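Going from the sequence shown to the working numbering is simple: count from 1 and add 258.
Quick notes on the structure that follows.
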Amino acid sequence: MPAIRRRALIASAVLVPSLAVLALLAYGFGREPRYIETPMLGRPAPPFTLTLFDGRTLRLEDLRGRVVLLNFWASWCPPCRAEAPMLEAMWRELKDQDVVFVGVNTQDEAPRAQAFLEEFGITYPNGRDPGGRTAIDYGVWGLPEAVIVGPAGRITYKHIGTVGRTLLAAKIDEARRGVVSGSQGRGEYQSTR
């Protein structure tokens, strides 16, 4: 085998795998590490029934025609505690409009969840998801997590981690107009204002 051909084979054997590894690294480093794709955007929201902490029953289908913010939370979750005052303040501003906030307490004990609601003065409807079925149906990855369901009953936005007030207001407005977000959001740990 001529020396030139042998060098070309060796160079190919080293160069091709090296380029493949570099391409994978470039792809991985170019992606947002907290971004988790979801197939749920634009799809019908899974139906659920929650028993609220005040004893009433809430069914998603009864809220059709309104924008629904589902907030998945737990009392032991520090980011949930951080965003609770902002969510309550937004609820008080929007509750007389076409928006409903619904808290879905998951992976928690009822007395601790009730104490959380009292500590933060939460007045929007909240119920327990003791078996985690609703969280599973909505593809919840971590807490807190927010899901916005538009008036037509389709998921318009999903956010993992704390969500900021400005972004949440924009996504609620988009849902009112029937706009489905092109991507899922991720935590805004720097601010919940």
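By construction, the Cβ of each residue, glycine as well, lies at the ideal position given by its N, Cα and C atoms.
Only a predicted model underlies this, so the values are computations on that prediction, with no experimental measurement involved.
| Check | Outcome |
| --- | --- |
| Contact check, residue 357 vs residue 316, beta carbons under 8 angstroms | no |
| Start and end residues, alpha helix (DSSP H) containing residue 429 | 423–434 |
| Residues sharing a beta bridge with residue 455, DSSP | Limits of the chain in this structure are 259 at one end and 451 at the other, which puts residue 455 out of reach. |
| Of the listed residues 417, 406 and 419, nearest to residue 434 (C-alpha basis) | 406 |
| Local Cβ density within 10 Å of residue 375, reported as buried at 16 or more and exposed below that | buried |
| Beta-bridge partners of residue 334, as assigned by DSSP | Answer is none; residue 334 lacks a bridge partner. |
| Residue range of the alpha helix (DSSP H) that includes residue 395 | 391–395 |
| Among 263, 390, 362 and 417, the one whose alpha carbon lies nearest that of residue 382 | 362 |
| Whether residue 350 touches residue 409 by CB criterion (8 angstroms) | no |
| Among 302, 301, 303 and 318, nearest to residue 309 - alpha-carbon criterion | 318 |
| Cβ contact (3+ pairs, closer than 8 angstroms) linking the region 330–347 and the region 418–427 | yes |
| Own chain, CB closer than 8 angstroms to residue 261, minus 5 neighbours either side, in chain order | none |
| Simplified DSSP assignment, three categories, for residue 346 | helix |
| N- and C-terminal bounds of the beta strand (DSSP E) containing residue 403 | 403–407 |
| Coarse secondary structure for residue 454, derived from DSSP in three states | The question about residue 454 has no answer here: the residues shown for the chain are numbered 259 through 451. |
| Straight-line gap, residue 431 to residue 300 (C-alpha atoms, nearest Å) | 16 angstroms |
| Which residues DSSP lists as bridging residue 416, in chain order | 405 |
| C-alpha distance - residue 467 paired with residue 268, whole-angstrom precision | Here the chain covers residues 259 to 451 and nothing more, so residue 467 does not appear. |
| Inter-residue spacing [alpha-carbon to alpha-carbon] between residue 305 and residue 332 | 21 angstroms |
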